[in-house]
Every structure is written in structure tokens, then in C-alpha cells.
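A short write-up of the structure that comes next.
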Amino acid sequence: MRALVNPTFVMRWSARWAPWLGGLTLLLVAAGLYLALIASPPDYQQGDSVRIMYVHVPAAWMALFCYTCMAAASAAGLIWRSPIADLAAQATAPVGAAFTFIALVTGSLWGKPMWGTWWVWDARLTSVLILQFLYFGFIALSHAFDDPQRGQRAAAVLALVGFVNVPIIKFSVDWWSTLHQPASIVRAEGPAIHPSMLAPLLVMAIAFTCYYLWLLMVRLQSQILDGKIRALRLRQAHG
Amino acid sequence: MNAEPALFDFGAYAVFVWSAFAVAAVVLIALVVTSLSGLRQRQALLQRLGRQLDAEVDR
């Protein structure tokens with residue numbers, strides 16, 4: 000466990016496994032695209048527009064998963080003063096922001112032909128838009144101070160306060176009347192979706208998870224090198 | 000007899016489907032490119048700074 004918070008260990012481990020994870024991500028994305036665009040059937044009501052689901056739903060899941068990871072890492076950074084936890088939160092933020100953006104745009108592209116509108120200010124869509132701003136706020140705040148540690152602390156507090164939005168997003172479709180459909184995969188009665196459509200959805204979800212872990216490793220290495228670069232520049236400045 | 004639908008022919012929804020996949024691809028690929036190039040740049044900068052410090056110590 001102690002090795003996991005040691006920057007040298009994290010650096011070596013990430014450098015070794017990141018290329019493999021990158022390769023696995025590409026393979027899974029290729030399989031997911033084949034299933035989503037070729038092998039899966041059109042929906043009996045939504046026709047071929049249902050194929051947007053294979054990007055939209057995994058991206059939305061990842062938006063929430065990345066935020067949960069970011070908040071957990073922020074909490075670990077605040078409680079145990081773990082620099083690696085702070086760096087993991089910072090490395091996660093842009094990936095989560097990207098997935099949230101994809102979920103919003105693809106949702107809009109799916110909403111237009113199905114609902115007849117690009118956007119409605121209902122609970123699900125609005126709370127996901129707030130999630131996007133929370134990611135942007137986290138990124139901006141972590142770079143807003145000359146002292147990187149102060150920025151990390153301020154951003155960590157924002158991540159923890161903003162976590163209240165995660166259950167709101169998840170349960171918004173149950174708590175309020177909304178155009179957005181309720182959960183159809185993760186529910187007590189089992190998935191309400193045919194296996195031929197569930198397969199591409201799950202493959203894309205696993206591909207996106209691998210993508211996140213791959214970029215987390217790459218970006219963690221960059222964050223650790225940033226610290227080393229700062230230390231070397233300080234040594235240079237002080238002769 | 001019904002003809003088999005053509006591959007990648009998503010009819011009236013094609014523009015929405017392809018736009019969704021294109022946006023996702025552009026965003027995800029851009030993030031990979033910036034992340035990997037950022038790492039390469041830092042590795043090169045760290046090596047350069049290390050060499051400069053070594054040279055200063057030698058002097």
C-alpha cells in the first residue's frame with residue numbers, strides 16, 4: 000500500500016503498463032465500434048439513432064465515475080496529505096471533463112431526433128451541465144495559485160463539495176419529472192435491454208474505463224515530472 | 000422480399016449518429032495527443048535541465 004503513494008514506484012509502474020493499457024484500449028474501442036455500428040440491430044422504435052447510445056451512455060457513466068475517483072483522491076489528499084492522491088485527482092479532471100462534454104453533446108444529438116429538441120432545462124441535463132462546470136472549476140482552481148499545493152487544496156475542497164451533485168445526477172430521473180429516460184441497465188429487475196444492444200454498450204464502457212486508466216497513468220507521469228522540473232529549477236535558481 | 004440494409008446506412012439519422020461518433024473521436028483523440036506530447040515535452044525538459052545542472056556542477 001505504501002508503494003502506491005511512492006512517486007518513484009508510481010512513475011516506474013505507469014511507464015511500464017501505460018503502453019499495454021493504450022493497446023488494450025484501442026482493441027476494445029475497435030471491438031466496440033464494430034458491435035455498435037455493424038453488428039447491433041436498429042431499435043424497433045428509435046431506428047438507427049439508438050447507435051448514439053453506445054457513445055452517450057458509457058461517456059455519461061465515465062463522467063460520474065471519473066468525478067467519484069477525483070473526489071475520492073481529493074479526500075485522500077486532504078486527509079492523509081498524499082501528494083500522489085492530489086496528482087491523481089488533477090490527472091483525472093481533464094478526462095472526466097472530456098467524457099462529460101461528450102455525454103452532453105451526444106445527448107443533444109440524440110435528443111433532437113427523438114425529443115424534437117437539442118436541449119431542455121430538466122433535472123438530468125441541468126445537473127450534468129453543472130458537473131461540466133465543476134470539472135472546469137476544479138481545473139481552473141488547481142492552477143489559480145502560484146503555490147501548486149494551495150491550488151490543489153482549494154480544488155480538492157471544490158471536488159468534495161461538488162460530489163453532492165453525483166447522486167443528484169443518478170437519481171434525478173426518479174426524483175423529478177424529466178424527458179430523460181430512467182435507468183435501463185443498473186436496476187433491481189435487471190437490464191431492460193436486449194443482449195444484442197447490451198454487448199456493445201458494455202464493451203464501449205470497458206473501453207472507456209481502460210482509456211481513463213491509460214490517460215491517468217500518462218498524466219500522472221507528467222504531474223510527477225512537473226514536480227521534478229520545479230525542484231531542478233529551484234536548485235538552478237539558488238545556484 | 001426485403002433487401003438487406005446497406006452497411007453504415009443509417010438513413011435519416013445518419014447525420015446525428017456520425018456527428019456523435021465524430022465528436023467523441025475528436026475529443027478523445029485530442030486528449031490522448033495532448034497527454035502524450037505533454038509527457039514527451041516534460042521528459043525532454045527534465046533531461047535538458049539535468050544536463051545543465053551537471054554542467055554547472057562540473058564548472
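One line per chain: the protein sequences are C and F, in this order. Under numbering that gives the first Met the number 0, residues 0 to 238 are what the first sequence spells out, in order. Under numbering that gives the first Met the number 0, residues 0 to 58 are what the second sequence spells out, in order. Positions of the beta carbon are idealized from the N, C-alpha and C atoms, including for glycine.
query	result
Where residue 9 of chain F and residue 106 of chain C are concerned, what is the direct C-alpha to C-alpha distance, given to the nearest angstrom?	18 Å
Could you round the C-beta distance between residue 122 of chain C and residue 175 of chain C to whole angstroms and report it? I think they count as a contact, below 8 Å.	4 Å
Report the residue from C:61, C:63 and C:34 whose alpha carbon sits nearest the alpha carbon of residue 50 of chain C.	C:34
In chain F, what lies closer than 7 Å to residue 100 of chain C by C-beta?	26
So, at 7 Å on beta carbons, what are the nonlocal neighbours of residue 100 of chain C in its own chain, with the 5 sequence-adjacent residues on each side left out?	131
How about residue 112 of chain F: is its C-beta nearer than 9 Å to some C-beta of chain C?	Residue numbering for chain F in the displayed model covers 0 to 58; residue 112 of chain F lies beyond these limits and cannot be assessed.
At a Cβ threshold of 9 Å, is residue 46 of chain C touching chain F?	yes
In chain order, what residues of the same chain have a beta carbon less than 7 Å from the beta carbon of residue 116 of chain C, not counting five sequence neighbours either side?	110
Using a Cβ-Cβ cut-off of 9 Å, state whether residue 157 of chain C counts as contacting chain F.	no
So residue 80 of chain C is in the alpha helix (DSSP H); what residue range does that whole segment cover?	Run containing residue 80 of chain C: none; DSSP gives neither H nor E here.
Note down, in chain order, all residues in the segment 38–49 of chain F with a beta-carbon under 9 Å from any beta-carbon belonging to chain C.	38, 40, 41, 42, 44, 45, 48 and 49
Count the other C-beta atoms from every protein chain shown that fall within 10 angstroms of the C-beta of residue 168 of chain C, then say buried if there are 16 or more, exposed otherwise.	buried
Counting only C-beta atoms, is residue 214 of chain C closer than 9 Å to chain F at any point?	yes
I need the DSSP call for residue 106 of chain C, collapsed to helix, strand or coil.	helix
Strictly under 9 Å for the Cβ-Cβ distance: is residue 228 of chain C near chain F by that measure?	yes
Among the candidates C:113, C:71, C:211 and C:231, whose CA atom is the shortest distance from the CA of residue 22 of chain C?	C:211
Are the Cβ atoms of residue 138 of chain C and residue 93 of chain C separated by less than 9 Å?	yes
Using the Cα positions of residue 195 of chain C and residue 53 of chain C, report the straight-line distance between them to the nearest angstrom.	12 Å
Below 9 Å between beta carbons: does that hold for residue 13 of chain F and residue 47 of chain C?	yes
So with Cβ pairs under 9 Å, would you call residue 97 of chain C a contact of chain F?	yes
Could you tell me which chain C residues have their CB closer than 8 Å to the CB of residue 54 of chain F, listed as they occur along the chain?	Those do not exist, as residue 54 of chain F stays about 11 Å from chain C at its closest Cβ, beyond 8 Å.
Suppose you measure from the CA of residue 237 of chain C to the CA of residue 223 of chain C; what does that come to, to the nearest Å?	22 Å
Provide the residue span of the alpha helix (DSSP H) that contains residue 9 of chain F, from first to last.	Here residue 9 of chain F belongs to no alpha helix (DSSP H), and DSSP marks it neither H nor E.
Tell me which residues share the same chain as residue 153 of chain C and place their Cβ nearer than 8 Å to its Cβ, disregarding the 5 neighbours each side in the sequence.	140, 141, 143 and 144
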